[in-house]
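Everything below concerns the one structure shown next.
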Amino acid sequence: MNKKEPIVAFWMIFPAIFVISVIAFFPLFKTFYDSFFDFGLNPMFKREFVGFGNYIKLFNDSRFWAAFKTTIIFTVVSVLLETVLGLLIALVVHQNFKFRGLVRAAMLIPWAIPTAISSQMWRWMFNDQFGIISKLYEALGIIKPGTPILGRPGLALWAIIQVDVWKTTPFMALLILAGLQLIPEQLYEAAKIDGANMVQRFFKITLPQIMQTIGIALIFRTLDALRVFDVVYVMTRGSVGTETLSVYNRSLLMDRAFTGRWFGYGSSLSVVIFLLISIFAIIYIKSLKLQID
Amino acid sequence: MKKLFVLSMLVFVFAFSFAITTITMTSGGVGKELEVLYAQLKEFMKQNPDIVVTVIPMPDSSTERHDLYVTYLAAGESDPDVLMLDVIWPPEFAPFLEDLTADYDYFELNKFLPGTVKSVTVMGRIVAVPWFTDAGLLYYRKDLLEKYGYKKPPETWDELVEMAKKISKAEGIEGFVWQGARYEGLVCDFMEYLWSFGTDVLDENGNIIVNNPKAIEALQFMVDLIYKDGISPEGVTTYMEEDARRIFQSGNAVFMRNWPYAWSLANSDDSPINGKVGIAPLPKGPGGKHAATLGGWNLGINANSSPKEKEAAKKLIKFLTSSKEQLYKAVNAGQNPTRMEVYEVPELKKANPFMVELFDVFINALPRPRAVNYAEISDAIQRHVHAALTRQVTPEQAIKDLEKELKMLLNK
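Residue numbers (the UniProt record's numbering), protein chains in the order written: chain A, 1 to 293; chain B, 1 to 412.
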């Protein structure tokens with residue numbers, strides 16, 4: 001082997017390493033570093049090293065734990081619903097039928113609309129006076145007339161989960177559909193000859209074959225759901241028990257950047273969100289035996 | 001065109017002398033605001049040929065403007081020279097603003113509404129000049145009140161509850177809509193109840209006094225409006241200004257709490273309640289007084305600007321806040337003057353009668369708690385008051401929690 005090759009290779013990938021360091025690793029390490037200090041962005045405030053002080057404060061912060069709980073409920077429920085519904089939709093649109101192309105394109109619309117816009121749209125549809133969803137639920141007897149869906153503790157979180165499911169199920173369906181299309185037809189033909197019925201074919205062939213795809217899709221969705229921000233912020237701003245970790249973090253890092261010494265504290269919350277996401281990612285990778293490389 | 005005009009002015013000016021000072025100012029662009037400002041600046045530059053003013057238009061959202069200012073000021077930029085500041089910002093931005101205390105007489109601040117001057121005074125220093133003002137008002141349906149035999153709008157909160165109950169039941173509409181969503185507007189509404197019940201969040205010296213029976217009573221009253229008296233829809237806990245206005249303007253509410261801006265919209269040609277609307281001060285509480293939260297905008301000077309720029313900026317602010325220009329702005333852009341004598345000019349009464357009739361409301365409007373970390377205090381008030389309004393905690397508990405958090409935020 002040519003001795004120069006590794007050196008050339010290094011210089012070839014150096015720009016990529018450099019760019020990734022600047023845009024990904026530097027902010028990450030800066031956030032880690034900042035989380036050990038007590039400071040604000042106002043030049044009047046002095047930086048003070050506090051070690052793990054911010055983390056200790058965070059774990060004694062009831063607002064943090066409330067947001068933590070909300071985030072976990074939101075993630076578990078919405079990802080579960082999205083996966084099940086996405087799988088069902090994928091199985092349907094995988095079949096051959098008329099206008100299949102049209103249906104596949106149309107089903108992506110909720111996912112294609114920017115979340116900030118669709119959330120505002122849903123906020124109006126949930127309005128107690130003129131919201132069409134409110135009127136529908138009233139007609140179905142699910143809620144009493146005049147109930148502000150986004151102003152009721154409990155109800156508001158479900159409404160937000162519902163919007164998220166509406167928005168991201170198409171994404172799940174699309175990923176799973178891609179997985180379904182990779183399954184060789186011969187497997188099914190062989191199974192049919194052996195006398196396997198539809199349910200058996202699904203559990204013995206389809207599901208194991210798309211497990212990898214579902215795993216990847218689960219990682220994508222779970223990581224997204226754990227840092228959910230826009231749909232919550234637009235619809236309720238985190239009121240009535242819908243505050244997630246990211247919404248709380250915005251309040252610490254943006255509203256309070258210049259008026260208090262919260263910047264290090266906010267950084268420590270960012271680190272916790274980062275670690276939380278990492279833990280979920282590792283659990284998935286291990287339990288589903290995913291091959292990342 | 002305007003840009004071209006300013007640019008050609010600039011070139012012209014540079015060609016002939018170096019005695020010219022160029023300054024920049026920020027401005028909002030809501031409604032006819034920017035148009036009116038351009039006309040005023042044209043006049044100013046005619047009067048002061050040695051000064052050129054360029055305008056940096058700002059986003060409509062106050063939060064976005066705030067973030068932009070934070071970026072400019074923390075970076076130590078010398079531009080913009082003149083800053084248009086929301087009434088709640090002076091304490092937060094004071095370290096970055098020019099001290100105008102010595103110019104009290106130059107700006108004739110003794111002729112301004114006292115509340116507005118108070119809002120630009122930070123620890124005894126004056127850091128900005130009030131430009132236009134705002135206050136919470138009670139809108140009511142004149143026609144409906146008459147129909148049910150009421151000659152006057154409600155004087156007290158109890159009267160409002162009684163009227164709203166009777167009329168809303170008979171008409172099948174809402175009684176009273178206001179701003180109850182968890183955001184800055186809720187703080188404005190909450191403060192008005194506190195004051196009219198005779199109490200406050202902080203006292204004159206900045207001590208926390210919110211945990212008292214009157215405050216609990218005031219918050220209980222807000223909760224009762226929704227759940228006991230039933231005159232406010234439960235949905236007010238999700239309403240902001242425009243949500244409330246939409247309901248009121250479509251004829252679906254008897255009373256509304258809102259700012260002066262809603263007047264011209266409610267009386268526009270396509271409004272179903274055109275000509276049927278009255279405006280009154282917000283009712284008195286058991287504390288025995290009407291109370292309104294102060295809103296509005298001020299003009300401050302960037303402390304990093306050069307002495308020459310600061311001189312020019314002062315001239316500009318004096319011009320824009322003069323009686324003549326405030327009248328022009330009030331008539332053409334519908335923004336309330338901050339100088340008292342403007343309210344005596346017949347022209348103003350003709351264009352916006354309520355500004356003159358409700359002069360007392362504007363003169364008595366009170367500022368929200370003044371503190372360097374107002375943003376944090378506001379956030380605490382929003383969360384705890386909203387928790388009570390949505391019945392997650394009792395008013396008593398909410399006030400107790402608020403006190404606890406304020407103690408932490410103010411280190412007391």
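Where is the CB? At the ideal position from N, CA and C, for every residue including glycine.
query                                                                                                                                                                                                                         : result
Please report how far the alpha carbon of Met340(B) lies from the alpha carbon of Asn298(B), in whole angstroms.                                                                                                              : 16 Å
Excluding five sequence neighbours on each side, which residues of the same chain lie with their C-beta closer than 7 Å to the C-beta of Ser264(B)?                                                                           : Gly334
Suppose you measure from the CA of Leu294(B) to the CA of Ala303(B); what does that come to, to the nearest Å?                                                                                                                : 26 Å
Of the choices Ile133(A), Ser268(A), Phe130(A) and Arg237(A), whose alpha-carbon is the least far from that of Arg383(B)?                                                                                                     : Arg237(A)
Just the Cα atoms here: how many angstroms apart are Tyr261(B) and Glu48(A)?                                                                                                                                                  : 46 Å
Check the Cβ-Cβ distances between Asp194(A) and every residue of chain B, and say whether any is below 8 Å.                                                                                                                   : no
Which residues in the same chain as Val232(A) place their Cβ atom closer than 7 Å to its Cβ, once the five residues preceding and following it in sequence are excluded?                                                      : Ile160, Gly238, Thr242, Thr244 and Val247
Do Pro369(B) and Leu97(B) have their CB atoms nearer than 8 Å?                                                                                                                                                                : no
Assuming Leu113(B) contacts Thr133(B) (C-beta within less than 8 Å), just tell me the rounded distance between them.                                                                                                          : 6 Å
Using 8 Å for Cβ pairs, my map puts Val159(B) next to Pro283(B). What's the rounded Cβ distance?                                                                                                                              : A quick correction: the sequence has Glu, not Val, at residue 159(B). With 8 Å as the limit, Glu159(B) and Pro283(B) qualify as a contact, their Cβ atoms being about 7 Å apart.
Going straight from the alpha carbon of Lys289(B) to that of Trp157(B), what length do you get?                                                                                                                               : 11 Å
Hey, would you say Leu175(A) sits closer than 8 Å to Thr206(A), going by beta carbons?                                                                                                                                        : no
Is the CB of Leu41(A) under 8 Å away from at least one CB in chain B?                                                                                                                                                         : yes
Give the secondary structure of Ala253(B) by DSSP, where H, G and I count as helix, E and B as strand, and everything else as coil.                                                                                           : strand
Using 8 Å as the cut-off, can you tell me whether the segment 256-265 of chain A makes contact with the segment 35-44 of chain A, which would need three or more C-beta pairs spanning the two stretches below that distance? : yes
Keeping to the same chain, check which residues put their C-beta closer than 8 Å to that of Ala102(B); ignore five residues upstream and five downstream.                                                                     : none
Buried or exposed, going by whether 16 or more other CB atoms sit within 10 Å of the CB of Thr71(B)?                                                                                                                          : exposed
Cβ-heavy atom distance between Gly215(A) and the ligand GTP below 7 Å?                                                                                                                                                        : This structure does not include the ligand GTP; it has no bound ligands of any sort.
Examine the Cβ distances between the segment 26-44 of chain B and the segment 324-334 of chain B and report whether three or more of them are shorter than 8 Å.                                                               : yes
When burial is assigned at 16 or more other CB atoms within 10 Å of the CB, is Ser62(A) buried or exposed?                                                                                                                    : exposed
Span of the beta strand (DSSP E) holding Arg141(B)?                                                                                                                                                                           : Leu137 to Arg141
Within 10 angstroms of the Cβ of Ser251(A), are there 16 or more other Cβ atoms? Answer buried if so, exposed if not.                                                                                                         : buried
Please classify Val231(A): does DSSP put it in a helix, a strand, or coil?                                                                                                                                                    : helix
Taking all protein chains shown into account, decide if Ser119(A) is buried (16 or more other Cβ within 10 angstroms of its Cβ) or exposed.                                                                                   : buried
Is it the case that the segment 216-228 of chain A contacts the segment 124-139 of chain A, given that we only count it when at least three CB pairs across the two stretches are under 8 Å?                                  : no
Under the assumption that Leu226(A) contacts Ile277(A) (Cβ atoms under 8 Å), give the Cβ distance between them as a whole number of angstroms.                                                                                : 5 Å
Closer than 8 Å is the cut-off here; do at least three beta carbon pairs connect the segment 77-95 of chain B with the segment 110-129 of chain B?                                                                            : yes
I need the straight-line Cα distance from Ala398(B) to Pro281(B), nearest angstrom please.                                                                                                                                    : 28 Å
Using a Cβ-Cβ distance under 8 Å, would Ala9(A) count as near chain B?                                                                                                                                                        : no
Over what stretch of residues does the beta strand (DSSP E) that includes residue 422(B) continue unbroken?                                                                                                                   : What is shown of chain B runs 1 to 412, which leaves residue 422(B) out entirely.
Is Glu162(B) helix, strand or coil when you go by DSSP?                                                                                                                                                                       : helix
Count the other CB atoms within 10 Å of the CB of Ala135(B); is the residue buried (16 or more) or exposed (fewer)?                                                                                                           : buried
Are the Cβ atoms of Thr83(A) and Met172(A) separated by less than 8 Å?                                                                                                                                                        : yes
Using 8 Å as the threshold, is the C-beta distance between Thr26(B) and Met84(B) below it?                                                                                                                                    : yes
Between the C-alpha atoms of Phe359(B) and Pro353(B), what's the straight-line distance to the nearest angstrom?                                                                                                              : 10 Å
Using a Cβ-Cβ cut-off of 8 Å, state whether Gly146(A) counts as contacting chain B.                                                                                                                                           : yes
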